[in-house]
Amino acid sequence: MRSAQWYGGSDRNAYVHRAWMRRGLPRHAFDGRPHIAIANTASDLTPCNRHLDEVAASVKEGVWEAGGVPLNLPVVSLGETQVRPTAMLWRNLAAMATEELLRANPVDGVVLLGGCDKTIPALLMAAASVDLPALVVPGGPMLTGHFRGAPLGCGTDVWRLGEEVRAGRLPRDTFLESESAMIRSRGHCNTMGTASTMACLAEALGTTIPGLAGTPAPDSRLLEQAHQSGRLAVELVAADRRPSTFLNAGSFRNAIVALAAIGGSTNGVVHLLALAGRLGVELSLEDFDRIGSGVPLLVDLQPAGRHLMEDFHRAGGLLAVLREVADLLDPEAGTVTGRPLVEHLDGAELVDPEVIRPRARPLQEAAGIAVLRGNLCPDGAVIKPAAASPALLSHRGRAVVFDSVEDLHARLDDPALEVDETSVMVLRGCGPKGYPGMPEVGNMPLPARLLERGVRDMVRISDGRMSGTAYGTVVLHVAPEAAAGGPLALVRTGDPIVLDVPARALHLDVPPAELARRTPPEAATSAYAAPPSGWQRLYIDHVLQADRGADLDFLVGRRGSEVTRESH
Ligand code: FES
Numbered sequence: 097m098r099s100a101q102w103y104g105g106s107d108r109n110a111y112v113h114r115a116w117m118r119r120g121l122p123r124h125a126f127d128g129r130p131h132i133a134i135a136n137t138a139s140d141l142t143p144c145n146r147h148l149d150e151v152a153a154s155v156k157e158g159v160w161e162a163g164g165v166p167l168n169l170p171v172v173s174l175g176e177t178q179v180r181p182t183a184m185l186w187r188n189l190a191a192m193a194t195e196e197l198l199r200a201n202p203v204d205g206v207v208l209l210g211g212c213d214k215t216i217p218a219l220l221m222a223a224a225s226v227d228l229p230a231l232v233v234p235g236g237p238m239l240t241g242h243f244r245g246a247p248l249g250c251g252t253d254v255w256r257l258g259e260e261v262r263a264g265r266l267p268r269d270t271f272l273e274s275e276s277a278m279i280r281s282r283g284h285c286n287t288m289g290t291a292s293t294m295a296c297l298a299e300a301l302g303t304t305i306p307g308l309a310g311t312p313a314p315d316s317r318l319l320e321q322a323h324q325s326g327r328l329a330v331e332l333v334a335a336d337r338r339p340s341t342f343l344n345a346g347s348f349r350n351a352i353v354a355l356a357a358i359g360g361s362t363n364g365v366v367h368l369l370a371l372a373g374r375l376g377v378e379l380s381l382e383d384f385d386r387i388g389s390g391v392p393l394l395v396d397l398q399p400a401g402r403h404l405m406e407d408f409h410r411a412g413g414l415l416a417v418l419r420e421v422a423d424l425l426d427p428e429a430g431t432v433t434g435r436p437l438v439e440h441l442d443g444a445e446l447v448d449p450e451v452i453r454p455r456a457r458p459l460q461e462a463a464g465i466a467v468l469r470g471n472l473c474p475d476g477a478v479i480k481p482a483a484a485s486p487a488l489l490s491h492r493g494r495a496v497v498f499d500s501v502e503d504l505h506a507r508l509d510d511p512a513l514e515v516d517e518t519s520v521m522v523l524r525g526c527g528p529k530g531y532p533g534m535p536e537v538g539n540m541p542l543p544a545r546l547l548e549r550g551v552r553d554m555v556r557i558s559d560g561r562m563s564g565t566a567y568g569t570v571v572l573h574v575a576p577e578a579a580a581g582g583p584l585a586l587v588r589t590g591d592p593i594v595l596d597v598p599a600r601a602l603h604l605d606v607p608p609a610e611l612a613r614r615t616p617p618e619a620a621t622s623a624y625a626a627p628p629s630g631w632q633r634l635y636i637d638h639v640l641q642a643d644r645g646a647d648l649d650f651l652v653g654r655r656g657s658e659v660t661r662e663s664h
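Whatever position you read off the sequence shown (first residue = 1), add 96 for my numbering.
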């Protein structure tokens, strides 16, 4: 047992380690039983995870019951709606700090409690690098809120209602009235946004108890499953079932199939790439297209569809979805239970075929993430066809370029801006280095005068990300980003751009000789000036591009849990 390196024996060091932990722990806590950390992202400033202390209490009961010792370990928490300049800037910091805390402390295994967008990815990245027995308990989505008789999808309906206000179709007072109805209960966003997506991907990867993802946060079954997860954590230690023992290329295949079938967030691409990098699993952007693009969309959830996570859970949840596409899954990819994921699909039941469609009646035939290449994105870009307007998937239009988010907001509604519905909006300076932190701004708002004319979608291209709750014909994650010398920096307003999703192409139709003559405009390069010190400096110097998961170069890989030195 790893914890025995701290607590075993009768020397002074063991005395010190035990004595300071004897506050509330009995003597037999140190008799060789596994010590299980509960990496807990509960925080008042992460409202989606605020209830996780109660979930942790259930995990604790399960750990004790199975003969382990549970230990609450508060870790870096990121509230997507609260953290500036963008939560993604801190994902790698959260992962690094959690990894180091787990390595530094006398623990044998860990239960990972996350929910809000970046928390599950950061926890999984940490667990992969420290490679201790680990499993995830997703905190679960909130219940469906209603406003004036209609359900509200958090995130998605904020974008929609906000556009309605800008188009003059919804009074601002009514918009503000909906604010108190949007967030009905504890839990994370109830659309198939990033938090729901990452909970489902954690399950598809095999890192949760099968059937757990999507259980609403207020549902008493979440606490029951948390209890079971505590028990299972003790078993994981006994079996030495670490992430490296069962997370492999097959696990990522299953996650990519799931991502497509649920119509999950494009952020899932970045997080899976980063996690694969931590594990040493070969995974490229092309794998998402190769494995996922032909997978049917089966889940009718916002932002691509109509329903919300409470409906998803009631309809059968992820296992019901995966059973429909079982033939596409890796039959051997394992889970924390020690059994392959596919073995857990036998009892899955599709209860509501309107929310989760049967394979024979999909919402879309081929709905996975499409990976684009071309002279605008030599290292790739992604688009989620399921959330796009079919008519815009093959489009040629003139660029309207914005050098930063601030530039976008300053000029979007300028009457002098030459833009119409055929234009291609280009936003740069939003990549990992350029912002920094790759914010969710790729779903640029449309100019108000076009909204007023009824335009609801346009082709938009950026080196940033998009909220998983957003929608539109939005090309994201352009790599290399403008701030890293990518050709996106050379685009000028008026340049023709060709988007051809069926051909997986994104092309700036400007002669190479002309492009070679251009240099990035001063306005763009000055926006990328890096701060001289602190985390942002470290981040900018070391962050990888989106096609590598935007991890830091020195955090890629597995470092294990061994600590050889002792200071007492
Ligand atoms: Fe936390 Fe959406 S803001 S999950």
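C-beta atoms are modelled at their ideal positions from N, C-alpha and C, and glycine is treated no differently.
Check	Outcome
Under 8 Å between C-beta atoms of L648 and H664	no
Proximity winner among A263, A370, N286, relative to L404 (alpha-carbon distances)	N286
Selected residue, minimal CA-CA separation from P541, among I557, M192, G236, Y531	I557
T589 and A512 closer than 8 Å at C-beta	no
At least three beta-carbon pairs within less than 8 Å, the segment 556-572 to the segment 526-543	yes
Segment limits, alpha helix (DSSP H) that includes I352	345-357
Per-residue DSSP class, three states only, for R469	strand
Endpoints, beta strand (DSSP E) assigned at I132	131-136
Neighbourhood of G388 by C-beta, 8 Å cutoff - its chain only, sequence neighbours within 5 removed	I352, V353, L355, A356, G464, I465
Check whether I305 and V206 have beta carbons under 8 Å apart	no
Euclidean distance between Cα positions of G360 and L393	10 Å
Three-state class that DSSP yields for G264 in the structure shown	coil
Distance, R453 Cα to V159 Cα	37 Å
Any non-hydrogen atom of the ligand FES closer than 7 Å to E176 Cβ	yes
Which of helix, strand or coil DSSP assigns to R180	coil
Residues bridged to M521 [DSSP beta-bridge criterion]	V496, R556
Local Cβ density within 10 Å of V447, reported as buried at 16 or more and exposed below that	exposed
Closer than 7 Å: A295 CB and nearest the ligand FES heavy atom	no
Distance, R123 Cα to R455 Cα	56 Å
beta-carbon G251 near the ligand FES non-hydrogen atom, thresh 7 Å	yes
Distance CB(H573)-CB(A477) smaller than 8 Å	yes
CB contact check: R545 to chain D, cutoff 8 Å	The chain labelled as chain D is not found in the depicted structure, where only one protein chain is given.
Reduced DSSP category for A295 - H, G, I as helix; E, B as strand; rest coil	helix
Cβ-heavy atom distance, A291 to the ligand FES, below 7 Å	yes
Buried or exposed by the 16-neighbour rule on C-beta atoms within 10 Å, applied to W631	exposed
Neighbourhood of L508 by C-beta, 7 Å cutoff - its chain only, sequence neighbours within 5 removed	P541, P543
Cβ pair M294, L651 closer than 8 Å	no
Proximity test, H284 beta-carbon vs the ligand FES heavy atom, cut-off 7 Å	yes
Sub-8 Å separation of I593 and G527 beta-carbons	no
Cβ shell of Q178 (< 6 Å), same chain only, five flanking positions each side left out	L141
DSSP beta-bridge partners of R317	Per DSSP, none; premise fails for R317.
Touching by the beta-carbon criterion (3+ pairs, under 8 Å), the segment 305-314 and the segment 368-383	no
Which listed residue (A411, G430, D407, V438) has its alpha carbon closest to that of V421	V438
V432 and R337 closer than 8 Å at C-beta	yes
Cβ-heavy atom distance, D213 to the ligand FES, below 7 Å	yes
Rounded separation between G676 and V333 - CA only	Not covered by the structure: residue 676. The range shown for the chain is 97 to 664.
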